[in-house]
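Enquirer:
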DNA sequence: CCAAAAGTGTTATTGATACACCCATGC
DNA sequence: GCATGGGTGTATCAATAACACTTTTGG
């Protein structure tokens, strides 16, 4: 099936590719894996793989996610399907792109760092990427940034409980701008999506912060 | 894209399916075609077809659109990709769904009605549909209804020039609710997306209406 | 002159923004 | 007692929502 001489009646390959986001060191980052083989040997790329005939697209995405991160049960959303005929130089391959959000804390476990040739790269300083993966990644970043402004999607990047200042910081990192503390807190508490845990975070030489958590781990749209 | 050995995996079929919307007789309608062959012989379904190896997904969608409606150069957007393993009883088939908007006037031309076994069906009174096409159609309706409220996407359903009352009616049909005339006009004119044509529509026993058109046929987001 | 749709402003309410000081703790 | 981040309220401005009458035409 290495023909570039396309047969009209042959089926294309179908893959899933994942844009896996996390936030660490005050930056929005995405996972990249180094390709071992041709094409683009040695280049960075998004994690992905061919779908198997018995699995749904989402199952394929979850499988890849689990393989690369060791996690499961995180926010996952279908992004877009990319199918330009020449996007893979070997053969016709259509890819269904997904994006996932993982709190950094869930990735600090030893097992998740076992895989070599895997990096978490700030989305605003990209290396050269294989295939059309730069386009896919930028598409995902745009979608995430848009969605942050009218939903509570950031819950997918937060640890189970957090200070309001940490939540604000998360918004600021993603939208790449600063927010007013008092207005931010008012709005967040007004959504009714947060619950005080009753615990406090004693963290340094300052007043301890109340810890909050999301009532339900579900995306909710404002407005 | 870990696997380079394509032969380990049998490729699924890949189709595009289209939800083609229009508005006539005060109702939002979608195109349905009667299936001739198994599976679901005789059942209504969304227009669609297998993608060819040399064409992009959007080209495939445009091809199907042209075949069924005779039109081209209308609003077309990728909706979602549906890939449950059992969605087609014969074999694994993944479908990339698109939705299109066509002004009813463009469909009144004789050629577009040549195709037998094709209906424009109100989206709130669906017949039984083949495959998972009901799910796809409902997904499209939801997307259209949402998008109408924060963009000028309705331009895709309007004729070249129109009265403001016709534009308002279009919104009302799609969102399935009524709008205040004065607020509607204020908001629409405030967007700056409309231009007076200078012409008037003399239509019946009443004051003639100014005719407007969209400055550019492009989707623009409010807010 | 009657019927039918076009056209037009003001007020009230709501939501968004701007802005500065005191609090509780560790060292 | 001082440095550090936590926590709080009010006033202004902008956007949205509610609401009813006059105008222009054809018949």
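Protein chains in written order, with my numbering: chain X, 1 to 223; chain P, 224 to 446.
Using N, Cα and C, we set each Cβ at its ideal position, and we do this for glycine too.
1. Pull up the CB-CB distance for residue 101 of chain X and residue 157 of chain X, whole angstroms please, since I reckon it's below 8 Å.
2. List the residues of chain P whose Cβ lies closer than 8 Å to the Cβ of residue 85 of chain X, in chain order.
3. Assuming contact is defined by CB atoms lying nearer than 7 Å, are residue 247 of chain P and residue 327 of chain P in contact in what I supplied?
4. Mind checking whether the beta-carbon of residue 428 of chain P lies closer than 6 Å to any heavy atom of the ligand FMN?
5. Quick one: which chain P residues come within Cβ less than 8 Å of residue 12 of chain X?
6. Taking DSSP's pairing of strands, which residues face residue 24 of chain X in a bridge?
7. Check whether the Cβ of residue 376 of chain P lies closer than 7 Å to any Cβ atom in chain X.
8. Following the continuous beta strand (DSSP E) through residue 317 of chain P, name the residue where it begins and the one where it ends.
9. For residue 28 of chain X versus residue 123 of chain X, is the C-beta distance shorter than 7 Å?
10. Roughly how many whole angstroms lie between the Cα atoms of residue 294 of chain P and residue 302 of chain P?
11. Closer than 7 Å, CB to CB, is residue 94 of chain X near chain P or not?
12. Just how far apart, CA to CA, sit residue 348 of chain P and residue 259 of chain P?
13. Is residue 152 of chain X helix, strand or coil by DSSP?
14. Can you tell me the Cα-Cα spacing of residue 21 of chain X and residue 353 of chain P, whole angstroms?
15. The beta strand (DSSP E) spanning residue 342 of chain P covers which residue range?
16. When DSSP labels each residue in this structure, what does residue 303 of chain P get in the three-state scheme?
17. With a threshold of 7 Å between beta carbons, is residue 65 of chain X in contact with chain P?
18. Measure how close the beta-carbons of residue 299 of chain P and residue 285 of chain P come, nearest whole angstrom, since I'm counting them as under 8 Å.
19. Using only the alpha-carbon positions, how far apart do residue 413 of chain P and residue 395 of chain P sit?
20. Please report the Cβ distance between residue 196 of chain X and residue 210 of chain X, rounded to the nearest whole angstrom; I am assuming they are in contact, meaning their Cβ atoms lie under 8 Å.
21. Check for me: the alpha helix (DSSP H) holding residue 280 of chain P runs from which residue to which?
22. For residue 392 of chain P, report the span of its alpha helix (DSSP H) as first-last.
23. Strictly under 7 Å for the Cβ-Cβ distance: is residue 220 of chain X near chain P by that measure?
24. Return the first residue and the last residue of the beta strand (DSSP E) that residue 436 of chain P is part of.
25. Which residue or residues does DSSP assign as beta-bridge partners of residue 184 of chain X?
26. Bridge partners for residue 268 of chain P per DSSP, in chain order?
27. Below 8 Å CB to CB, which residues in the same chain sit around residue 153 of chain X once its five sequence neighbours on both sides are set aside?
28. When the Cα atoms are used, what is the spatial distance from residue 97 of chain X to residue 39 of chain X?
29. Going by C-alpha distance, which of X/68, X/16, X/13 and X/10 is nearest residue 33 of chain X?
30. Any beta-carbon of chain X closer than 7 Å to the one on residue 304 of chain P?
31. Rounded to whole angstroms, what is the Cα-Cα separation between residue 16 of chain X and residue 50 of chain X?
32. Which chain P residues are close to residue 78 of chain X, counting only those with a beta carbon under 7 Å from its beta carbon?
Expert: The structure says:
1. In the first chain, counting from the first residue as 1, residue 101 of chain X sits at position 101. In the first chain, counting from the first residue as 1, residue 157 of chain X sits at position 157. About 5 Å separates the two Cβ atoms, so the contact holds.
2. The residue you call residue 85 of chain X lines up with position 85 of the first chain. Chain P residues near residue 85 of chain X: 276, 277, 278 and 279.
3. Counted from its first residue, the second chain places residue 247 of chain P at position 24. Counted from its first residue, the second chain places residue 327 of chain P at position 104. Cβ distance < 7 Å, so residue 247 of chain P and residue 327 of chain P count as in contact.
4. The ligand content of the structure shown is nil, which means the ligand FMN is not present either.
5. Taking the first chain and counting its residues from 1, the one referred to as residue 12 of chain X is at position 12. Residue 12 of chain X reaches chain P at 234, 237, 274 and 276, counting residues in chain order whose Cβ is nearer than 8 Å.
6. Reading the first chain from its first residue, position 24 is the one you call residue 24 of chain X. Residue 24 of chain X pairs with X/27.
7. Locating residue 376 of chain P in the second chain gives position 153, where the first residue counts as 1. So, not an interface residue.
8. Position 94 of the second chain, counted from the start, is the residue given in the question as residue 317 of chain P. Looking at the DSSP string, the run of the beta strand (DSSP E) that includes residue 317 of chain P is 316-324.
9. As a working note, residue 28 of chain X is residue 28 in the first chain. As a working note, residue 123 of chain X is residue 123 in the first chain. Yes, these two residues count as a Cβ contact at 7 Å.
10. One-based indexing of the second chain puts residue 294 of chain P at position 71. One-based indexing of the second chain puts residue 302 of chain P at position 79. Rounded to the nearest angstrom, the gap between the Cα atoms of residue 294 of chain P and residue 302 of chain P is 20 Å.
11. Within the first chain, numbered from 1, the residue matching residue 94 of chain X stands at position 94. Yes, residue 94 of chain X lies at the interface with chain P (some Cβ there is under 7 Å from its Cβ).
12. For this step, residue 348 of chain P is matched to residue 125 along the second chain. For this step, residue 259 of chain P is matched to residue 36 along the second chain. The alpha-carbon atoms of residue 348 of chain P and residue 259 of chain P are separated by roughly 22 Å.
13. Start at 1 with the first residue of the first chain, and residue 152 of chain X comes out as number 152. The answer is coil: DSSP assigns residue 152 of chain X none of H, G, I, E or B.
14. Numbered from its first residue, the first chain carries residue 21 of chain X at position 21. Numbered from its first residue, the second chain carries residue 353 of chain P at position 130. Here the alpha carbons of residue 353 of chain P and residue 21 of chain X stand approximately 37 Å from one another.
15. To locate residue 342 of chain P, count along the second chain from 1; it is residue 119. For residue 342 of chain P, the uninterrupted beta strand (DSSP E) segment begins and ends at 341-345.
16. The residue labelled residue 303 of chain P in the question sits at position 80 within the second chain. Note: residue 303 of chain P maps to strand in three-state DSSP.
17. Numbered from its first residue, the first chain carries residue 65 of chain X at position 65. Answer no: the Cβ-Cβ gap between residue 65 of chain X and chain P never drops below 7 Å.
18. Taking the first residue of the second chain as position 1, residue 299 of chain P is located at position 76. Taking the first residue of the second chain as position 1, residue 285 of chain P is located at position 62. Here residue 299 of chain P really is in contact with residue 285 of chain P; their C-beta atoms are around 7 Å apart, less than 8 Å.
19. For this step, residue 413 of chain P is matched to residue 190 along the second chain. For this step, residue 395 of chain P is matched to residue 172 along the second chain. If you take the alpha carbons of residue 413 of chain P and residue 395 of chain P, they lie about 19 Å apart.
20. Taking the first residue of the first chain as position 1, residue 196 of chain X is located at position 196. Taking the first residue of the first chain as position 1, residue 210 of chain X is located at position 210. Contact between residue 196 of chain X and residue 210 of chain X holds: CB atoms are separated by about 6 Å, below the 8 Å threshold.
21. As a first step, residue 280 of chain P must be located in the second chain, where it is residue number 57. 280-292 is the extent of the alpha helix (DSSP H) around residue 280 of chain P.
22. Here residue 392 of chain P is taken as the residue at index 169 of the second chain, counted from 1. Boundaries of the alpha helix (DSSP H) harbouring residue 392 of chain P: 387-398, taken from the DSSP string.
23. Along the first chain, read from residue 1 onward, the residue named residue 220 of chain X stands at position 220. For residue 220 of chain X, the answer is no, since every Cβ of chain P falls outside 7 Å of its Cβ.
24. Residue 436 of chain P sits at position 213 when you count from the first residue of the second chain. Where residue 436 of chain P is concerned, the enclosing beta strand (DSSP E) starts and stops at 432-437.
25. Counted from its first residue, the first chain places residue 184 of chain X at position 184. Beta-bridge pairing links residue 184 of chain X to no other residue.
26. Along the second chain, one-based indexing puts residue 268 of chain P at 45. P/256.
27. One-based indexing of the first chain puts residue 153 of chain X at position 153. Within the same chain, residue 153 of chain X has close Cβ partners 75, 101, 144, 147 and 219.
28. The residue given as residue 97 of chain X occupies position 97 in the first chain. The residue given as residue 39 of chain X occupies position 39 in the first chain. One C-alpha to the other measures close to 19 Å.
29. Working through the first chain from its first residue, we reach residue 33 of chain X at position 33. It is X/68 whose Cα lies nearest to the Cα of residue 33 of chain X.
30. The residue given as residue 304 of chain P occupies position 81 in the second chain. Output row for residue 304 of chain P: interface = yes.
31. The residue you call residue 16 of chain X lines up with position 16 of the first chain. The residue you call residue 50 of chain X lines up with position 50 of the first chain. Per the coordinates, the alpha-carbon of residue 16 of chain X lies some 6 Å from the alpha-carbon of residue 50 of chain X.
32. For the purposes of this step, residue 78 of chain X is taken as the residue at position 78 of the first chain. Among the residues of chain P, those whose CB is under 7 Å from the CB of residue 78 of chain X are 303 and 304, following chain order.
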